[in-house]
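>
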Amino acid sequence: MTSSLANSISSLNSVAMGDKKGDLVLKNCSLLSVYTKEIIPKIQIAIVNDRIAYVGPDAGHAIGPKTTIIDVKEKYVGPGFADPHLHIDQFVLPSELAKKSLLCGVTSLFSDPIDIVSVSGYKGFQEFLKLGEDLPIRIFQVVPGGLPVDGKFSHSKTLSLSQEKLAIKHPHVLGLGEVFSWTKVTLRDPKTMKSLSTMLENDCIINGHTAGASEKKLNAYVASGILSCHEPLNFDQVLERLRLGMSIMIREGSIRRDLKEIIPGVLIHGTSLDRLMFCSDGLDPIDITKYGHIDHCVRESIKLGLKPIDAISMASKNCFDYYNMSKDLGGIAPGKLADILIFDDLKSLKPNKVFVGGKLVVSNGSIVTSIKKKIIPTWIKKTVKLNKLSPKDFGIKSKKQSIIANTIFMQTEIITKLGSAELFTKEGNILTSLDKDVWKVAAFDRIHGTNKHAIGFLENFGADISAFASTWSFHENDLIVIGSNDSDMSIAANSLIKNQGGLVVVKSGKIIASLPLQLAGIISTDSFEKVLSNFEQVNNSIVDSGCKFSRPHLIPLFLPFLALPSIRILSGGIVDVKRRSYINPIN
Ligand SMILES: [Fe+2]
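So that you can map any letter, position 583 of the sequence shown is 594 in our numbering, and since no number is skipped, the others follow by simple counting.
(1) Check whether the segment 476-485 and the segment 513-522 touch, using three or more Cβ-Cβ pairs below 8 angstroms as the test.
(2) Can you name, in chain order, every residue of its own chain whose Cβ lies under 7 angstroms from the Cβ of L360, other than the five neighbours on each side?
(3) Could you spell out the range, first to last residue, of the alpha helix (DSSP H) harbouring N551?
(4) Out of P243, E144, F468 and L35, which one is the CA nearest neighbour of I386?
(5) Using 7 angstroms as the cut-off, classify the Cβ of D2 as near or not near the heavy atoms of ligand 1, replying yes or no.
(6) Could you tell me whether the Cβ atoms of I320 and K86 are closer together than 8 angstroms?
(7) From the DSSP output, read off the bridge partner residues of I216.
(8) I'd like to know whether the C-beta atoms of G369 and P90 end up nearer to each other than 8 angstroms.
(9) Between which two residues does the beta strand (DSSP E) holding S481 run?
(10) So, for K205: in the same chain, excluding its five sequence neighbours on each side, which residues have a beta-carbon less than 6 angstroms away from its beta-carbon?
(11) Count the other CB atoms within 10 Å of the CB of E189; is the residue buried (16 or more) or exposed (fewer)?
(12) Where do the N-terminal and C-terminal ends of the beta strand (DSSP E) with G467 fall, by residue?
(13) Report yes if the C-beta of D69 is less than 7 angstroms from at least one heavy atom of ligand 1; otherwise report no.
(14) Mind reading off the beta-carbon distance from V549 to L526? Whole number of angstroms is fine, and I expect it under 8 angstroms.
(15) Using the Cα positions of S235 and L185, report the straight-line distance between them to the nearest angstrom.
(16) Could you tell me whether the segment 556-572 touches the segment 417-425, where touching means 3 or more Cβ pairs closer than 8 angstroms?
(17) Report the CB separation of S119 from R62 in whole angstroms; it is logged as a contact under 8 angstroms.
(18) Buried or exposed, going by whether 16 or more other CB atoms sit within 10 Å of the CB of S106?
(19) How big is the Cα-Cα spacing for L315 and P275?
(20) One question on the structure: do F472 and K559 come within less than 8 angstroms of each other, judged by their Cβ atoms?
(21) Kindly list the residues whose CB is nearer than 8 angstroms to the CB of V542, restricted to its own chain and excluding five residues on each side of it in sequence; keep chain order.
(22) Would you list the residues sitting across from V365 in a DSSP beta bridge?
(23) Compute the Euclidean distance between the alpha carbons of N335 and C215, then round it to the nearest angstrom.
(24) Can you give the Cα-Cα distance for N488 and S165, rounded to whole angstroms?
(25) Quick one, which of K447, T389, A322 and L158 has its alpha-carbon nearest K358's?
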């Protein structure tokens, strides 16, 4: 339980004065001061309960018989890192992610749980809040800020205005998450405008997403109270937003890696760093294992030319300043919560020790605290509301011998365009074509149990498998099935219906790899290591068989994603995003 500063001042003041003794004193620290951008040698830090009481040359007056003393032997001591924007309703439970993040020195996560809300609405949001409580890491949440992306096509669940008002009463709910459908702001969509003014009236933060917006549209967005963005792809876009008073979270995660494009421009221009942060926007198990988390951003930025103390300030102080939490977090100073990292050197930047609220949680690069398993209610593990499907459910009929199909042509795992291919029929059913690399793709509503579904064609996938299915697809969370034949598509779909969620790969009638995602069909209840292994198997089984893309799980994930052009598939149909119209799978 985190103390409040208001209730702690007497105790902190007494320890600072030596009238009371501290619980913990760190001696011989090379202090990374994010306030003065200095590295100050031979500093001593006294901690009482979960906060810092004293920072200075001699904490002897705060040492009593029960005080634990740690000599850090001139190692570097700095504040815990924060990830100011990520989606933690992915892959693993918050408790499993916590272990990996803490090992990287990340002691605060600012979570935007879009997909848990898309699947299970306010009830799911409340349950997810509980999953993030009482962990040895700080997890703050925001109310998802853009669902549904486009009400004409989307059927995702969302929060009503009254539910948003209720949600922000929770002490760990800080405001509104990335308002990604920015046209809803520039067109002054009534619900969006009410949400924004509610947040502003309640002094809540509003996170932004302004991909592609500039000039008057960007001004209108900022004038609506949205003061951050993690979408800039280059320094020009960063500068345009900084000049309008925005804060920028430079993204370096599994969806995009923007550091290398942005940091050199920041250095050349000499831009103030005060409103710059790093964020991951979400990390898959392979990436967090391979690269790390915010520690990776700090390391890479230093390699690109930033001073270590500047990169560390961007990873800590700047995030808490942005979230108006600077009295509690962001640096090593009296009154602050004792989230402290100890580094052997400023090159590897892997913390040897991590304290959260004065409690040692990482030592010698290992987790040294216990994390209780949470009880997960049954209802949230039953979200694939579909009856068993048959091969017939994947058929597309035509009386002709051949047809011209409109295909979703995959340019990358994420970017699509409208394609076209001649396909032939057999007994009135249109066949896919291995030669032309044309597949079938299906989207089933698995959230509402409406049986609504759409079948189309997908081009340029290239893998030598026969079906790939997933219950996790951004914002819609339809069941997506890609396949070369109806029978194997139904085997893949039925496996996910039976197991209530995940990713599965089928070849010649057999399941060759699977990643169960039991919680809402988007999060596994297994250990991080198990999830990593399953995820690698799913990826490798597709990539090693000749898929055109290196990260195939992104294909079903983005296929219904209405925030990007050009052609998407949802359970309601195939959508031309720019024209805001449905298109037929057959021309
Ligand atoms: Fe995001």
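By construction, the Cβ of each residue, glycine as well, lies at the ideal position given by its N, Cα and C atoms.
Working from what's here:
(1) The answer is yes - the segment 513-522 touches the segment 476-485, with three or more Cβ pairs under 8 angstroms.
(2) Your numbering for residue 360 matches position 349 in the sequence shown. Taking C-beta separations shorter than 7 angstroms and ignoring five residues to either side along the sequence, the partners of L360 in its chain run D306, V309, R310 and F354, following chain order.
(3) In the sequence shown, the residue the question calls residue 551 occupies position 540. In the DSSP assignment, N551 falls within the alpha helix (DSSP H) that extends over F539 to V554.
(4) By one-based count along the sequence shown, residue 386 stands at place 375. Of the residues P243, E144, F468 and L35, the one whose Cα lies closest to the Cα of I386 is E144.
(5) In this structure the chain extends from 12 to 598, so residue 2 is not present and cannot be described.
(6) Taking the sequence shown and counting its residues from 1, one reaches residue 320 at position 309. Taking the sequence shown and counting its residues from 1, one reaches residue 86 at position 75. No; because the gap between Cβ atoms is not below 8 angstroms, this pair is not in contact.
(7) Along the sequence shown, one-based indexing puts residue 216 at 205. The partner list for I216 (beta bridge, DSSP) reads G186.
(8) Along the sequence shown, one-based indexing puts residue 369 at 358. Along the sequence shown, one-based indexing puts residue 90 at 79. It is not a contact, given that the beta carbons lie outside the stated cut-off.
(9) Counting from one through the sequence shown, the residue named residue 481 turns up at place 470. A478 to S481 is the span of the beta strand (DSSP E), which, as asked, contains S481.
(10) Along the sequence shown, read from residue 1 onward, the residue named residue 205 stands at position 194. These residues qualify, in order along the chain: L172.
(11) Against the sequence shown, residue 189 aligns to sequence position 178. Its Cβ being crowded by 16 or more others within 10 Å, E189 is buried.
(12) What you label residue 467 is simply residue 456 of the sequence shown in a count that begins at 1. Looking at the DSSP string, the run of the beta strand (DSSP E) that includes G467 is H464 to E470.
(13) Along the sequence shown, one-based indexing puts residue 69 at 58. No, since every heavy atom of ligand 1 falls outside the 7 angstroms radius drawn around the Cβ of D69.
(14) Here residue 549 corresponds to residue number 538 of the sequence shown, with the count starting at 1. Here residue 526 corresponds to residue number 515 of the sequence shown, with the count starting at 1. So it is a contact: roughly 5 angstroms between Cβ atoms.
(15) Position 224 of the sequence shown holds residue 235. Position 174 of the sequence shown holds residue 185. So the two alpha carbons sit approximately 17 angstroms from each other.
(16) Yes, the segment 556-572 is in contact with the segment 417-425.
(17) Locating residue 119 in the sequence shown gives position 108, counting from the first residue. Locating residue 62 in the sequence shown gives position 51, counting from the first residue. About 15 angstroms; that fails the 8 angstroms criterion.
(18) Locating residue 106 in the sequence shown gives position 95, counting from the first residue. Under this definition S106 is a buried residue.
(19) Stepping through the sequence shown from its first residue, residue 315 is reached at position 304. Stepping through the sequence shown from its first residue, residue 275 is reached at position 264. In a straight line, the C-alpha of L315 is about 7 angstroms away from that of P275.
(20) If you number the sequence shown from 1, residue 472 lands on position 461. If you number the sequence shown from 1, residue 559 lands on position 548. Yes, these two residues count as a Cβ contact at 8 angstroms.
(21) Position 531 of the sequence shown, counted from the first residue, corresponds to residue 542. Same-chain partners within the cutoff: F102, V103, E107, P296, L526 and S535.
(22) The sequence position of residue 365 within the sequence shown is 354, counting from 1. DSSP output for V365 lists L352 and V373 as bridge partner(s).
(23) In the sequence shown, residue 335 corresponds to position 324, counting from 1. In the sequence shown, residue 215 corresponds to position 204, counting from 1. Distance between the alpha carbons of N335 and C215 is about 9 angstroms.
(24) Locating residue 488 in the sequence shown gives position 477, counting from the first residue. Locating residue 165 in the sequence shown gives position 154, counting from the first residue. Roughly 10 angstroms between the two C-alpha positions.
(25) Sequence index remark: in the sequence shown, residue 358 carries index 347 (1-based). Closest option to K358, judged by alpha-carbon separation, among K447, T389, A322 and L158: A322.
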